[in-house]
């Protein structure tokens, strides 16, 4: 009987223990969750607290900086002569900023020269020059100089890149600093190479190549010394000057390239219609101001459509290119030759009367007619000429040349006709 009474009691105790264990486990799980939540909240609060501390620190720094500026301002107000002094580095930075904002090449090179910090004495005993390398013609052209006499400037205003022909030509070819010194009269030889034949009164010629970052030469910086006893500028200043001038020359070349692309007809390489129109307006203004004669020649290729129809557009493009080349060779370098549209071309002849313009037009006609075109049959052009009158605008002047061109075509093509001067 006692055994049956003890059995339910044992089961109750076991069940109670199990309930307590489950409750304890639930408490432990909840406690861990609470700890994780508290830790996350604490980290977020700590981050916000750190951010606020950093903000206060920045605000403190700004206040301190403002106080320092105020103190500096007060110092300047009390002692302007000493506080306004500019350091050499600040002065060079100002010069470089001024240079980079300068669009004119000679003016930019003039400003850059200040970086050498030349003394007044150096301008008495030395002359300086910058020559720019034309990659197309392989020629050095004098772009800026100081203290070089006119006769000397003419001597090396343009120099072909021939080794030994001149110090700066050799320097540009080798990409190295070249110096040529005048030898005493007793040591001179009759077979003395041209490179050592210095301009009169020049005792030494130092030429430094101006290079791009990739090492290609943009030009040369030349120092002509009239007194070998007078020292050159500091080598570090020369190196700094060469670096700045390389930036100037590269920027100038880049801008000229962009400008040239905007003005150039891609197929023929001539100026495009937009630039030709601008040039004509400027020439008309100049003609009106100085009362100089001005004429234009408008011409096109006879039966050009038949070239495209018979031989294809590729051959037509080659004809346009060859006519452009021949025409450019028959006029002055100062004249403007532009592609007016399609197979039509305009020549602007400044300071040229109608009679002289007729001669130029005839020369162009003959140059094209006598040329041998390998890709197709012979090519001829018809030309109309008109001279500017006080009543003309750019449009009316070209229109009269166009009327003369129409008459030349109607008269049989391959000829030059002039329009009357009546506007």
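In UniProt numbering, the protein residues as written are 1 to 423. Note that beta-carbon positions come from the ideal geometry of N, C-alpha and C, so glycine has one too. Predicted model, so just to flag it, every value in this text is computed and none were measured.
In the DSSP secondary-structure assignment, residue 345 is bridged to 299 and 339. For residue 307, there is no enclosing beta strand (DSSP E); the residue is part of the alpha helix (DSSP H) that begins and ends at 304–311. With a contact defined as Cβ atoms closer than 8 Å, residue 387 and residue 357 qualify at about 7 Å. Selection 393, 375 and 279 evaluated against residue 320 yields 375 as nearest (Cα-Cα). Look at residue 146 here: in three-state DSSP terms it is strand. At least 8 Å separates the beta-carbon of residue 143 from that of residue 152.
Shown here, residue 130 sits in a strand according to DSSP, grouped into three states.
Three or more pairs of CB atoms, one per stretch, sit closer than 8 Å, so the stretch 103–111 contacts the stretch 241–254.
Linking residue 288 to residue 390 through their CA atoms gives a straight-line distance of about 7 Å.
In the structure shown, residue 415 adopts coil according to DSSP, grouped into three states. Short of 6 Å from the beta carbon of residue 171, and not among the five residues preceding or following it, lie these beta carbons of its own chain, in chain order: 178, 207, 209 and 220. Comparing C-alpha distances from residue 398 to each of 211, 148 and 294 shows the shortest one belongs to 294. In chain order, 317, 320 and 321 place their CB closer than 7 Å to the CB of residue 267, counting only its own chain and leaving out the 5 sequence neighbours on each side. Inter-residue distance for residue 116 and residue 235 is about 10 Å (C-alpha atoms, whole angstroms). Rounded to whole angstroms, residue 346 and residue 328 show a C-alpha spacing of 11 Å. Taking all protein chains shown into account, residue 272 has 16 or more neighbouring C-beta atoms within 10 Å of its C-beta and is therefore buried. The beta-carbon distance between residue 299 and residue 354, rounded to whole angstroms, is 16 Å. This is too long to meet the 8 Å contact definition. Here the C-alpha atom of residue 230 lies approximately 26 Å from the C-alpha atom of residue 164. Per the coordinates, the alpha-carbon of residue 175 lies some 25 Å from the alpha-carbon of residue 226.
In the structure shown, residue 216 falls within a coil segment according to DSSP collapsed to helix, strand and coil.
Its Cα nearest to that of residue 335, the residue 270 stands out among 344, 270 and 367. A distance below 8 Å separates the beta carbons of residue 385 and residue 419. Counting of Cβ neighbours within 10 angstroms places residue 134 among the exposed residues, the total staying below 16. Taken through DSSP and simplified to helix, strand or coil, residue 113 comes out as helix. Rounded to whole angstroms, the gap between the alpha carbons of residue 366 and residue 323 is 11 Å. In terms of Cβ geometry, residue 205 and residue 167 form a close pair [threshold 8 Å]. Here the alpha carbon of residue 158 sits roughly 33 Å from the alpha carbon of residue 371. Secondary structure of residue 252 (DSSP, three-state): helix. Shown here for residue 301: same chain residues with a beta carbon closer than 7 Å to its own, the five before and five after excluded, namely 319, 323, 343, 379 and 381 in chain order. Assigned with DSSP and collapsed to three states, residue 159 falls in strand.
Taking residue 241 as the centre and dropping the five residues before and after it, the same chain places the C-beta of 115 and 116 closer than 6 Å to its C-beta, in chain order.
Apart from sequence neighbours up to five positions away, the residues of its chain that approach residue 148 with a beta-carbon distance below 6 Å are 127 and 129, ordered along the chain.
For residue 383, the enclosing beta strand (DSSP E) starts and ends at 381–387.
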